[in-house]
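Working notes, structure below.
Number of protein chains: 2
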Amino acid sequence: MAELSIDRRTRKDAQHNRTQILDVARQAFSSDGVEVSMDAIARQSGLGSATLYRHFPNKDALLAALLDEHYEDMLQKKTVIEAEESDAGRALERWIDALGDWMLVYDGLSEPLRAAWSRSNSPLKPTCQNVIDATDIFLRAAQGAGLAQPALSGRHIFLGALAVAWAGGTGLEDHGTRAVLRDMFKNGWGIAS
Amino acid sequence: MAELSIDRRTRKDAQHNRTQILDVARQAFSSDGVEVSMDAIARQSGLGSATLYRHFPNKDALLAALLDEHYEDMLQKKTVIEAEESDAGRALERWIDALGDWMLVYDGLSEPLRAAWSRSNSPLKPTCQNVIDATDIFLRAAQGAGLAQPALSGRHIFLGALAVAWAGGTGLEDHGTRAVLRDMFKNGWGIAS
DNA sequence: CCTGCATTTGGAAAATGGCTACGTATCGGG
DNA sequence: CCCGATACGTAGCCATTTTCCAAATGCAGG
Chain A
1 MAELSIDRRT RKDAQHNRTQ ILDVARQAFS SDGVEVSMDA IARQSGLGSA
51 TLYRHFPNKD ALLAALLDEH YEDMLQKKTV IEAEESDAGR ALERWIDALG
101 DWMLVYDGLS EPLRAAWSRS NSPLKPTCQN VIDATDIFLR AAQGAGLAQP
151 ALSGRHIFLG ALAVAWAGGT GLEDHGTRAV LRDMFKNGWG IAS
Chain B
1 MAELSIDRRT RKDAQHNRTQ ILDVARQAFS SDGVEVSMDA IARQSGLGSA
51 TLYRHFPNKD ALLAALLDEH YEDMLQKKTV IEAEESDAGR ALERWIDALG
101 DWMLVYDGLS EPLRAAWSRS NSPLKPTCQN VIDATDIFLR AAQGAGLAQP
151 ALSGRHIFLG ALAVAWAGGT GLEDHGTRAV LRDMFKNGWG IAS
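Heads up: the protein sequence lines correspond to chains A and B, in order. Residue numbering for the first sequence follows this note's numbering, beginning at 1 and increasing consecutively. Residue numbering for the second sequence follows this note's numbering, beginning at 1 and increasing consecutively.
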C-alpha cells in the first residue's frame, strides 16, 4: 500500500535511475569494496552526483539499501538453520558463520557497520539491530542448553563477529588466518587449566 | 655514533621543531585520537604543514615515532611480567592485556595498525613486528604448558587483540563491553560440550 | 662580525572525497 | 500540446593528505 502510493507518485525516470544506481553500486561495492567514491558510482550510473544524493542522502543510506537485500537471505538462512539444526550450540555456530559471511559481502564493510552503531542516526542501524535481534534468539537457546557463555548478549556476539570480519578482511594474503580467527572467536586463545 | 653524526649535521631549529611536533602530536593524538588532521598538528606547533611533512613524510611515520616511545614501556612490562609471573598462562594473559592497552593509547589507533601490516611499506610495520615477536615468546611458553591453543601464532594473537581493541574502542558508551570482549577473546563464546 | 650557501620553512596548490545550492531540463496529467 | 511539479547536472564548498617552490634562516669559514 505504502509502496503503491510511492510508485504512483514517483516518475518513471527517477525509478529507473534508482534501480540503475543500486545495480551499479552493488557491482562497484562488490569489486572495489565500500571505499569506492560516490562520484564514481554516479559517473558509472551516467548521473550527476547530486542525483545520487537525492536518491540516497549519504553513502550509508546507499549501503543500507543494498544490505537490506542481503538481509532477506539472512532471514532465510535463519529459517533453514532452525529447521535443520536441533543442537542449539551448532545452530548458534552456523548463525555466527552466516553473520561472518554477511559482514564480508563487501570489502571494508565492517567499518561503516561499526561506525553506524555508535552514531545515533545512521541508516545502517536498523539493519544491524535486526541482525542482533536474530542473534539473540540463537544465543539464548544455546545459553539455555549450557552451550554458550551465559554473560554474553547478542550485541556482544555481533561485535565479536564484526571484529573478526574486520581483522580477517581486506588484504589478508593468508586465507587460513580467517579460519583461525573464527576458531579463536569460538574457543578463545586460552585453555582452562 | 650514528646519532652524533646526525645531530651534528641537523640544525638546532630543525631539532627543536621536531621535538615540538612530537610533543604537540602526542597531546593531540591523546586528546582527539589519531584522526586529528596533520594540518591541526602543524598549526598547533606553530609551523607550516610542509615543515611537518619534512620531518615526517606521512601521518603513519609520525604515529610510528610516537608509538616507538611506548614500545619502551612495553619492553619494560615484558620484563616485569617475566619476572613476576611463573605461570605461563597468566603471563600470556597479562601480556595480552598490556597489548590491548597499548592498542588503546590513542583513539582509533587500531585502524592504522591494521592497515600497516597489510601495506608493504608502512613505517608502523617494524613496530608491529616487534610486538608480535614478543607475543610469540609468551605464547610458546603458554603452549608448552598446555595453557594456550596450540594452533595459534603470535600474529594471530596480535590480530585478535587488535580486533578487540577496534571493536571496543571509540564511542563505546558501555564500558563493561570492553571487558566482556576481552573475556570472549580469551575464552570464546562457546562452551565445550 | 660578516657573508655565502645549503638547509629549512611557509603558504599556496594539487588531488581526492563527501556533500549541497541553484538554475535548467524533463515527465506526464489535463 | 502545454504547464507545473518533479528530477536533473554543473559547479562549487569544505576538509584532508601531500607536494612545489620561492623566500628566509642558521651556521661554517674568513
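Note that the Cβ used here is the ideal one computed from N, Cα and C, for glycine as well.
Tell me the DSSP secondary structure of residue i in three-state form.
| i | result |
| --- | --- |
| alanine 50 of chain A | helix |
| glycine 188 of chain A | coil |
| alanine 151 of chain B | coil |
| histidine 175 of chain B | coil |
| aspartate 87 of chain A | coil |
| alanine 145 of chain B | coil |
| asparagine 130 of chain B | helix |
| leucine 109 of chain A | coil |
| leucine 104 of chain B | coil |
| glycine 160 of chain B | helix |
| asparagine 17 of chain B | helix |
| arginine 94 of chain B | helix |
| arginine 119 of chain A | coil |
| glutamate 82 of chain B | helix |
| arginine 182 of chain A | helix |
| phenylalanine 29 of chain A | helix |
| arginine 140 of chain A | helix |
| lysine 12 of chain A | helix |
| threonine 170 of chain A | coil |
| valine 24 of chain B | helix |
| glutamate 35 of chain A | coil |
Compute the Euclidean distance between the alpha carbons of residue i and residue j, then round it to the nearest angstrom.
| i | j | result |
| --- | --- | --- |
| glycine 46 of chain A | threonine 127 of chain A | 29 angstroms |
| leucine 162 of chain A | histidine 16 of chain B | 43 angstroms |
| valine 180 of chain A | phenylalanine 138 of chain B | 19 angstroms |
| leucine 159 of chain B | isoleucine 96 of chain B | 11 angstroms |
| leucine 62 of chain B | arginine 43 of chain B | 15 angstroms |
| leucine 67 of chain A | leucine 104 of chain B | 30 angstroms |
| arginine 18 of chain A | phenylalanine 56 of chain A | 9 angstroms |
| arginine 26 of chain A | glycine 108 of chain A | 14 angstroms |
| alanine 64 of chain B | serine 30 of chain A | 33 angstroms |
| serine 122 of chain B | lysine 59 of chain B | 10 angstroms |
| glycine 154 of chain B | alanine 14 of chain B | 39 angstroms |
| arginine 94 of chain A | methionine 184 of chain A | 15 angstroms |
| isoleucine 157 of chain A | leucine 52 of chain A | 34 angstroms |
| asparagine 187 of chain A | aspartate 174 of chain B | 24 angstroms |
| alanine 98 of chain A | arginine 140 of chain A | 17 angstroms |
| serine 86 of chain B | glutamine 76 of chain A | 51 angstroms |
| aspartate 73 of chain B | valine 80 of chain B | 10 angstroms |
| isoleucine 132 of chain A | arginine 54 of chain B | 47 angstroms |
| alanine 192 of chain B | isoleucine 191 of chain A | 11 angstroms |
| tryptophan 189 of chain B | arginine 11 of chain B | 57 angstroms |
| valine 34 of chain B | arginine 119 of chain A | 18 angstroms |
| glutamate 69 of chain A | tyrosine 106 of chain A | 13 angstroms |
For a contact meaning CB atoms closer than 9 angstroms, what does residue i contact in chain B?
| i | result |
| --- | --- |
| histidine 156 of chain A | Thr177, Val180, Leu181, Met184, Trp189 |
| alanine 148 of chain A | Trp189, Gly190, Ile191 |
Starting from the beta carbon of residue i, find every residue of chain A whose beta carbon is closer than 8 angstroms, and list them in chain order.
| i | result |
| --- | --- |
| tryptophan 166 of chain B | Arg114, Ala163, Trp166, Ala167 |
| alanine 98 of chain B | Under the 8 angstroms cutoff, chain A gives no residues; its nearest Cβ is about 15 angstroms from alanine 98 of chain B. |
| leucine 159 of chain B | Ala167, Gly168, Thr177, Leu181 |
Return the chain-ordered list of same chain residues with a C-beta closer than 6 angstroms to the C-beta of residue i, the five sequence neighbours on each side being excluded.
| i | result |
| --- | --- |
| alanine 142 of chain B | Ala88, Gly89, Leu92, Ala148 |
| arginine 178 of chain B | Gly168 |
| lysine 78 of chain B | Ala134 |
| alanine 165 of chain B | Gly100, Met103, Leu104, Ser110 |
| aspartate 136 of chain A | Gly154 |
Can you list, in chain order, the residues of its chain with a C-beta nearer than 7 angstroms to that of residue i? Leave out the 5 residues immediately preceding and following it.
| i | result |
| --- | --- |
| tyrosine 71 of chain A | Thr127, Asn130 |
| lysine 125 of chain A | Ala116, Trp117 |
| valine 24 of chain B | Ile41, Gln44, Ser45 |
| arginine 182 of chain B | Gly100, Val164 |
| serine 194 of chain B | In the structure as shown, chain B begins at 1 and stops at 193. Residue 194 of chain B is therefore absent and cannot be evaluated. |
| alanine 145 of chain B | Ala88, Gly89 |
| leucine 152 of chain A | Leu139 |
Whose C-beta lies closer than 8 angstroms to the C-beta of residue i among residues of the same chain, with five residues either side of it excluded?
| i | result |
| --- | --- |
| alanine 28 of chain A | Val36, Ala40, Ile41, Gln44 |
| leucine 4 of chain B | Confidence at leucine 4 of chain B is low in this model, with a pLDDT of 38, below 50, so its placement is unreliable and no value can be given for it. |
| valine 20 of chain B | In the sequence on display, residue 20 of chain B carries glutamine and not valine. Cβ neighbours of glutamine 20 of chain B beyond the five flanking positions: Ser45, Gly46, Leu47. |
| glycine 171 of chain A | none |
| proline 150 of chain A | Gln143 |
| leucine 113 of chain B | Met103, Leu124, Cys128, Leu162 |
| alanine 83 of chain B | none |
Along chain A, which residues have their Cβ under 9 angstroms away from the Cβ of residue i?
| i | result |
| --- | --- |
| serine 118 of chain B | Thr170, Gly171, Leu172, Glu173 |
| glycine 89 of chain B | Gly190, Ile191, Ser193 |
List, in order along the chain, the chain B residues whose C-beta lies closer than 8 angstroms to that of residue i?
| i | result |
| --- | --- |
| alanine 151 of chain A | Val180, Asp183 |
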